[in-house]
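Enquirer: Here it is, the structure in full.
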Amino acid sequence: MEEKPKMCARFGNILFDENNLPSLESATERQVAESVLKPLRRCFNTPVPAAYVEKIVHEVVPKIGVDFVECKDIYNVKSLILNMNIFLVVLDQVRHMVADIVCFDEDLDLRLALYTRSTLSALSVKSSSLEMLRKKNSRPGLANEFHDETEIDDEMNNIRILINSAIPDPKVKGGLIWPMGKSYSGNYTVVGVWHHELKSYKSPSLKLKVINVDRFRFKTGTGVATIEINLKFRRIVSEIQDGETDTDSINNGFKDNLRLIWDHFLSWED
């Protein structure tokens, strides 16, 4: 299992649950104080308008010194048991720090996050799943272990059947379809598809991603297409991992990144 730490900035709008806010007309001072102190239910809405993306690609990219690297098509298939894509099996990210920042007098708000995401090879998946099965089935003995190994082979085969049955179709939401009766195999059922068209720009210190996301949920029969911007702090993460850079230098580098974000990423126009 390979764990990859990431630190990134995302841009969008913080949306508060209006039912969680008191009416200012009828609220007492105590209610207002309680609302300020307690955590408010909110979500971070990441879609950004096409005009903003045009500004980032044509104006900001040359200014911050990142160069175009590659364009990728990635299909994430969501099942009831695993979260995977066509090339790798990837666990959901584990967030170690998330800070949502309301940016007054700007068009967009900011989310800063530090997280890790684990990538499992087929062998790792097999070993991890085998351990889970052993915990569920406490009967000892070699015969039981052989049964578990066989069951894991069946599980992996069911996953392969699902992935191999998918047919790319740019006309449908999510970008993939399954023939009738092929969207499930064994204990696995496809519940959603995420199609990412991703353009990457890199420098030694930063990685910028422009992502066209097309999501489709099978259960509700609904889908949505959005554009998102993601800025990763490559150098800071490397310095933290190396452990050889002093804290002040890392702190100053982080401040420089925040200044860059404030100057270029939070408004539609310069």
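The sequence shown: position 85 = 86 (our numbering), numbered continuously.
All residues carry an ideal CB built from backbone N, CA and C; glycine is no exception.
Which residues in the same chain as F69 place their Cβ atom closer than 6 Å to its Cβ, once the five residues preceding and following it in sequence are excluded?
Expert: Within the same chain, F69 has close Cβ partners Y202.
Enquirer: Spell out a yes or no on whether the stretch 239–250 and the stretch 103–112 are touching, meaning 3 or more CB-CB pairs, one atom from each, closer than 8 Å.
Expert: No, because fewer than three Cβ pairs between the stretch 239–250 and the stretch 103–112 fall closer than 8 Å, the two stretches do not touch.
Enquirer: Whose CA, out of T227, V194 and H265, lies closest to the CA of P50?
Expert: Comparing Cα positions, the closest option is T227.
Enquirer: Quick one: any contact between the stretch 243–261 and the stretch 214–224, if contact means 3 or more CB pairs under 8 Å?
Expert: The stretch 243–261 vs the stretch 214–224: no contact.
Enquirer: Which same chain residues, not among the five before or five after E270, have their C-beta less than 8 Å away from its C-beta?
Expert: The residues are K56.
Enquirer: Buried or exposed: L143, going by 16 or more other Cβ atoms within 10 Å of its Cβ?
Expert: Confidence at L143 is low in this model, with a pLDDT of 41, below 50, so the placement of that residue should be treated as unreliable; the coordinate-derived value is given next. Exposed.
Enquirer: Provide the residue span of the beta strand (DSSP E) that contains V214, from first to last.
Expert: Where V214 is concerned, the enclosing beta strand (DSSP E) stretches over L207 to R218.
Enquirer: Under a Cβ-count criterion, where at least 16 other Cβ atoms within 10 Å of its own Cβ denotes burial, should K5 be classed as buried or exposed?
Expert: It counts as exposed.
Enquirer: Straight-line CA distance for K200 to L209?
Expert: The alpha-carbon atoms of K200 and L209 are separated by roughly 8 Å.
Enquirer: Does the Cβ of S80 have 16 or more other Cβ atoms within 10 Å, making it buried, or fewer, making it exposed?
Expert: It counts as buried.
Enquirer: Pull the bridge partners of N14 from the DSSP assignment, please.
Expert: Looking at the DSSP assignment, N14 forms a beta bridge with N46.
Enquirer: Helix, strand or coil: which one does DSSP assign to A51?
Expert: Helix, per DSSP.
Enquirer: Would you kindly work out how many angstroms separate the C-alpha atoms of D101 and I162, rounded to a whole number?
Expert: Taking the straight line from one Cα to the other gives about 40 Å.
Enquirer: Who pairs with F234 in a beta bridge, going by DSSP?
Expert: Beta-bridge pairing links F234 to L207.
Enquirer: Relative to the alpha-carbon of S204, which residue among N46, V62 and Y53 has its alpha-carbon at the smallest distance?
Expert: The shortest Cα separation from S204 among N46, V62 and Y53 belongs to V62.
Enquirer: Is the beta carbon of V211 sitting closer than 8 Å to the one on V95?
Expert: No, the pair does not count as a contact, with Cβ atoms beyond the cut-off.
Enquirer: Excluding sequence positions up to five away, which residues of its chain have a Cβ less than 8 Å from the Cβ of I251?
Expert: Excluding positions up to five away in sequence, the list reads I237, E240 and I241.
Enquirer: Tell me the DSSP secondary structure of L113 in three-state form.
Expert: Of the three classes helix, strand and coil, the one that applies to L113 here is strand, per DSSP.
Enquirer: Considering H97, what are the terminal residues of the beta strand (DSSP E) in which it resides?
Expert: That run of the beta strand (DSSP E) goes V95 to I102.
Enquirer: Is the separation between the beta-carbon of P48 and that of E198 shorter than 8 Å?
Expert: Not closer than 8 Å, so no.
Enquirer: Got a sec, what are the start and stop residues for the alpha helix (DSSP H) F255 sits in?
Expert: Note, F255: alpha helix (DSSP H), T248 to H265.
Enquirer: Please report how far the alpha carbon of W179 lies from the alpha carbon of M157, in whole angstroms.
Expert: Whole-angstrom Cα-Cα distance: 19 Å.
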